[in-house]
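Heads up: take any position in the sequence shown, counting from 1, add 4, and you land on this note's numbering. Think of the CB as a built atom: it goes at the ideal place given N, C-alpha and C, for glycine as much as any other residue. Quick caveat, the model's predicted, so the values are computed rather than measured.
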Amino acid sequence: MLERALNSVASWGLDRVGRGSVDYVVSNTMTEFNRRVLPFVWTYDLKALVEQVIDEATDVKTFVLRPNQHWPGMKAGQHLEVLLKEGDQVHHRCYSPSAKPHGRLAITVKRKAGGVVSQWLHSTVRAGQVLTLGKPRGHFTLGDPRVQRKVLMLAAGSGITPIASMVAQCLSMPEGERPDLKVMAQFRLPGDVIFRADMLDWAARGVPVTLALSRSQGGQATEGLPTVDRLDAAQILRECPDVAQRHVYLCGPDGFMRKVVQALMELGVPARHIHSERFEMAAAVHPPGDEVGMVDLDGAEVVFEHINAAITLKASDQGKTLLQLANEHGLHLEQGCGKGACGTCKLTVHEGQAHGNVLGSSVYLCTSFPASRTLVLGA
Ligand SMILES: Cc1cc2nc3c(=O)[nH]c(=O)nc-3n(C[C@H](O)[C@H](O)[C@H](O)COP(=O)(O)OP(=O)(O)OC[C@H]3O[C@@H](n4cnc5c(N)ncnc54)[C@H](O)[C@@H]3O)c2cc1C
Ligand code: FES
C-alpha cells in the first residue's frame, strides 16, 4: 500500500520535473534505506511501473508501463527484456514495446501454455507492480524511407507488436516522406485479433490493411477490415500485386515466418529486402558439414559493414559461429542470449552466404556460420 503510494509520487515526479532531475536527486541520495523503500526510482536498474493491465483478446494482455529515469528511449521495432527473478535464477524474455503518449510504453504479451514469464505476467502482475527491464536492443527497425519507398508489413499473432510501432513511426513522418505502406496481419480466429483499433486507425489514415484468418473463413469484412484466408504466395500476390518491389518487414512464429519467407522469394522479393523478427527459437542448428554450406575458410573474409570492420579467417575457424569469430577478433557486437532466441545479434546479409540460423536475409550470428569466401553483413 505504502509502496504503491510512493510509486505514484515518483511517477508524478518523473512527469513533472523530468527524468534528468529525478536522476540527479536519486543518484545523490542513494541509500540502502531509499533503495528498499522505493526501488522503482532509487535504483541503478531500468525499471517500469505497471500502470494498467488491459485484456486484449483470448490469452493476450497489454501492460502499460511507466519507465523510470533510466529509460534510454528506443527505435520503433526494437525489443527489450523483462526479467523475472526466481530464487537464484533470472529468466529473461524479450517483448517488443510500442510507444504510448506521455513517456509511457506498452508490451502486449501472449500467454504461452506452460511458459514461465508470460504465465507470470498474466497471472501475477497487476497495476502498481514494478518490473525490471533490459535496455532496448535489436536491428528490426525501419530502413531509410528515401531508399525503401515501398514497404509491406506482414505479421502473425503477437508478431504485430513491432510492426505496430513501425507503422506508427511511418505515420508520424510528413506525408511526402513516408513510404508507400501496406499491412497484412494474420490471426487464427476473429477472437484472436489484437491491435484492431490501431489497424482501423491506419486504414482510416490511408494505409491499406488486410486481415487474414488462418482458422476461419475470410472473404468478408471482419472488424471493419477486408479479410482473407491464411496468407500464402497466391494470397499475398492478390492483395499486394507489386510485392516484388517492396521491402517486407515480417514478424511472427517460426513456422509462419519460414513459409512466408519462402512465398516471398517465390514471388520475386530479393532476400535482401526481407527484414524479419522471430518470436521463437529456431530448431537446433549445426555447423556446415560436407554436404551443406562447407567452404574453405582459410583466408575467407567476413565484413561487418555497420561498424566498418572486417576479419580474415583461418582454416581452424571451421565450426565457429559468426559471433564467436567476431568476439575472437575483438569486435564488440550487440549480443544477448547466445542461443538463437532473442534476435539481438541478428544482422542482414548484403553479400555472400551464411549457414545455420538464417531467415531470408537475416542471420542470427550466435547460431550461424560463414558459408562463402566473402560474407558482407550489415544492420
Ligand atoms: C525479439 C523478440 C520479441 C518478442 N516480442 C514479443 C511480444 O511483443 N509479445 C509476446 O507475446 N511475445 C514476444 N516474444 C516472445 C517472448 O520473448 C517469449 O518467448 C514468450 O512470451 C514465451 O515466454 P515464456 O517464458 O512464457 O515461455 P517459455 O516456454 O518458458 O520460454 C520459451 C523457451 O525459449 C527460450 N527463450 C525465450 N526467450 C529467451 C531469451 N530471451 N533468452 C534465452 N532463452 C530464451 C527458453 O529456452 C525458454 O525455455 C518476443 C520474442 C523475441 C525473440
Ligand atoms: S539470438 Fe540472442 S544473441 Fe543471438
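Checking 8 Å against the spacing of the C-beta atoms, do residue 146 and residue 188 come in under that value? Going by C-beta atoms, residue 146 is not nearer than 8 Å to residue 188.
Sequence-distant residues of its chain with Cβ nearer than 6 Å to residue 193 (five each side left out): 219, 220
DSSP three-state label for residue 184, please. strand
Residues with a Cβ closer than 7 Å to any heavy atom of ligand 2, in chain order? 327, 339, 340, 341, 342, 343, 344, 345, 346, 347, 348, 349, 350, 368, 369, 370, 371
According to the neighbour-count rule (16 or more other Cβ atoms, all chains shown, within 10 Å of its Cβ), is residue 196 buried or exposed? Buried, since its Cβ has 16 or more Cβ neighbours within 10 Å.
Going by beta-carbon coordinates alone, are residue 366 and residue 350 separated by less than 8 Å? yes
Expressed to the nearest angstrom, what Euclidean distance is found between the alpha-carbon atoms of residue 135 and residue 87? 7 Å
For residue 101, the residue or residues it bridges with in DSSP: Answer is none; residue 101 lacks a bridge partner.
Count the other CB atoms, across all protein chains shown, that sit within 10 Å of the CB of residue 120; report buried if there are 16 or more and exposed otherwise. Exposed, by the Cβ-count rule.
Please state the DSSP three-state secondary structure of residue 348. coil
Give the DSSP-derived three-state secondary structure of residue 305 in the structure shown. strand
Measuring alpha carbon to alpha carbon, tell me which residue in 184, 177, 167 is nearest residue 153. Nearest option by C-alpha distance: 184.
Can you round the beta-carbon distance between residue 306 and residue 326 to whole angstroms, since I take them to be within the 8 Å contact cut? 7 Å
Quick one: measure Cβ to Cβ for residue 76 and residue 140, integer angstroms, because I've assumed they're closer than 8 Å. 7 Å
By the 10 Å Cβ neighbour count, where 16 or more other Cβ atoms means buried, how is residue 318 classified, buried or exposed? exposed
Is residue 209 close to chain D, meaning its C-beta is less than 8 Å from at least one C-beta of that chain? Among the chains in the structure shown there is no chain D, since it carries only a single protein chain.
What is the rounded straight-line gap between the Cα of residue 354 and the Cα of residue 52? When rounded, the distance between both Cα atoms is 37 Å.
Apart from the five residues on each side of it in sequence, which residues of its chain come closer than 7 Å, Cβ to Cβ, to residue 170? 80, 81, 146, 157, 253
Rounded to the nearest angstrom, what separates residue 162 and residue 126 at their Cα positions? 15 Å
To which residues does DSSP link residue 59 through a beta bridge? According to the DSSP secondary-structure assignment, residue 59 is paired through a beta bridge with 65.
Could you check if residue 372 is buried or exposed, using at least 16 other CB atoms within 10 Å of its CB as the buried criterion? For residue 372, the number of other beta carbons within 10 angstroms of its own is at least 16, and it is reported as buried.
Go ahead and label residue 191 buried or exposed: buried means 16 or more other beta carbons lie within 10 angstroms of its beta carbon, across all protein chains shown. Here residue 191 is buried. Its C-beta has 16 or more other C-beta atoms within 10 Å.
Given this structure, state the Cα-to-Cα distance separating residue 173 from residue 269, to the nearest angstrom. Cα to Cα, the separation comes out at about 27 Å.
Residues near residue 279 by beta carbon distance below 8 Å, same chain, minus five either side: The beta carbon of residue 279 sits closer than 8 Å to the beta carbons of 144, 147, 251, 252, 253, 254, 352, 364, 365, 366 from its chain, once the five residues preceding and following it are set aside; these are given in chain order.
Give me, in chain order, the residues of the same chain whose beta-carbon lies closer than 6 Å to that of residue 98; leave out the 5 immediate sequence neighbours on both sides. 83, 85, 346
Under 7 Å: does the beta carbon of residue 60 sit that close to some heavy atom of ligand 1? no
Taking 7 Å as the cut-off, does the CB of residue 285 come closer than this to any heavy atom belonging to ligand 1? Relative to the non-hydrogen atoms of ligand 1, the Cβ of residue 285 comes within a distance shorter than 7 Å of at least one.
Between the alpha carbons of residue 323 and residue 333, how many angstroms are there, rounded? 16 Å
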